[in-house]
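*Asks:*
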Amino acid sequence: MFELAAYGARRRVRGALALSVGLSAFSGLYAAFFPSVTEGIDLDQYAESLPPVFVEAFGLRSLGSIEGFLATELYQFAWVILLGLYLAYSAASLVAGDVDSERIDVLLALPVSRARLVGEKFLSVAPGVLVINVVVAAATWAATRAIGYPVGAVDLAAVHLLSLPYLFACAAVGLAFSVAVDRESVAQRAAMATVFGLFLLESVVGTTDYDWLGYAAPMRYYDPTAILVDGTWDLGGAAILTAATLALVAASQQYFRRKDVN
Numbered sequence: 002m003f004e005l006a007a008y009g010a011r012r013r014v015r016g017a018l019a020l021s022v023g024l025s026a027f028s029g030l031y032a033a034f035f036p037s038v039t040e041g042i043d044l045d046q047y048a049e050s051l052p053p054v055f056v057e058a059f060g061l062r063s064l065g066s067i068e069g070f071l072a073t074e075l076y077q078f079a080w081v082i083l084l085g086l087y088l089a090y091s092a093a094s095l096v097a098g099d100v101d102s103e104r105i106d107v108l109l110a111l112p113v114s115r116a117r118l119v120g121e122k123f124l125s126v127a128p129g130v131l132v133i134n135v136v137v138a139a140a141t142w143a144a145t146r147a148i149g150y151p152v153g154a155v156d157l158a159a160v161h162l163l164s165l166p167y168l169f170a171c172a173a174v175g176l177a178f179s180v181a182v183d184r185e186s187v188a189q190r191a192a193m194a195t196v197f198g199l200f201l202l203e204s205v206v207g208t209t210d211y212d213w214l215g216y217a218a219p220m221r222y223y224d225p226t227a228i229l230v231d232g233t234w235d236l237g238g239a240a241i242l243t244a245a246t247l248a249l250v251a252a253s254q255q256y257f258r259r260k261d262v263n
């Protein structure tokens, strides 16, 4: 049971550890810069001079506090954009990679259903996502205490826990393209373009009369700035992202069951 998921997770663990180290280094670097960057500079006043769309897109609030600074520099950028794009890109190869390389014939010959194959392929992403969150959370906690500006442990844990539904939703977008497109490179590019396009959509319409269009973007339901700065946890948004992820995975399983794999 879950042999395919375990095998896939083992293949991805090295990449997850490397990404964890890189993001932890960024976190430590941002924390180290914070005291000197904020000395004698009113970052909040600077943020107010920027276009509202830019402020909305990157959650530029309370930059003079360590919570607001990290929310903008680390989480809004590295988590919402970079890590979301990475997981969409990575998940887009889960099935399409095997089809493109013709390994899919071997997998389909195993005594497992197509739905289980797709489901376990998706589950193989989970351990890496958990490793990244645990390592970076620990590194950020240690770095902020080392500089004398500690971030609240509860809110820091919350910003990482509530990122899981968002990150899995991005991965589910990649999975959908992975079963729909046979060429791995096409699936990867389409998944990244979709996630980034949804980010741009949410950024552009968020301050307009067409705000309702942003409900299609997973970024609408995960706000690191609200968690770290305001202590506000959007549990409803997390539930919506979880439901969307399950729906995309189920739809991907159903589609692959009926698909003629050449």
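Heads up, the sequence shown is in this note's numbering, so the first residue is 2 and it goes up one at a time.
Think of the CB as a built atom: it goes at the ideal place given N, C-alpha and C, for glycine as much as any other residue.
1. Would you report the Cα separation of PHE178 and GLN189, rounded to the nearest angstrom?
2. For ALA32, which option in ALA147, ASP224, LYS260, SER125 has the closest C-alpha, if you only look at C-alpha atoms?
3. If we call anything under 9 Å between Cβ atoms a contact, is LEU229 one with ALA72?
4. For GLY1, which of helix, strand or coil comes out of DSSP?
5. Where does PHE169 land, buried or exposed, given buried means 16+ other C-beta within 10 angstroms?
6. For ILE133, I'd like the list of residues in its chain whose CB is within less than 8 Å of its CB, leaving aside the five on either flank, ordered along the chain.
7. By a C-beta neighbour count over all protein chains shown, 10 Å radius and 16 as the cutoff for buried, is GLY237 buried or exposed?
8. Can you tell me whether PRO36 is buried or exposed? The criterion is at least 16 other CB atoms within 10 Å of its CB, across all chains shown.
9. Do the stretch 115-132 and the stretch 140-154 meet, that is, are 3 or more Cβ pairs less than 8 Å apart?
10. Among HIS161, TYR222, ALA181, which residue has its Cα nearest to the Cα of ALA79?
11. Three-state secondary structure (DSSP) at LEU165?
12. Considering THR195, what are the terminal residues of the alpha helix (DSSP H) in which it resides?
13. If you draw a straight line from the C-alpha of PRO225 to the C-alpha of GLN255, how long is it?
14. If I follow the unbroken alpha helix (DSSP H) through ASP106, where does it start and stop?
15. By the 10 Å Cβ neighbour count, where 16 or more other Cβ atoms means buried, how is GLY120 classified, buried or exposed?
16. Name the two residues that bound the continuous alpha helix (DSSP H) containing SER91.
17. With THR73 as the anchor, note down where its alpha helix (DSSP H) starts and where it stops.
*Replies:* So, from the data block:
1. Spanning the alpha carbons of PHE178 and GLN189 requires a straight line of approximately 8 Å.
2. Minimum Cα distance to ALA32 is reached at ALA147.
3. yes
4. Residue 1 lies beyond the stretch modelled for the chain, which goes from 2 to 263, so this question has no answer here.
5. PHE169 is buried by the Cβ-count criterion.
6. Same-chain partners within the cutoff: ALA17, LEU20, SER21, LEU24, LEU84.
7. exposed
8. exposed
9. Three or more beta-carbon pairs separated by less than 8 Å are not found between the stretch 115-132 and the stretch 140-154, which leaves the two stretches without contact.
10. HIS161
11. helix
12. 185-206
13. Note on geometry: alpha-carbon atoms of PRO225 and GLN255 lie some 34 Å from one another.
14. According to the DSSP assignment, ASP106 belongs to the alpha helix (DSSP H) that extends over 105-109.
15. It counts as buried.
16. Element bounds for SER91: 85-92.
17. Here THR73 belongs to no alpha helix (DSSP H), and DSSP marks it neither H nor E.
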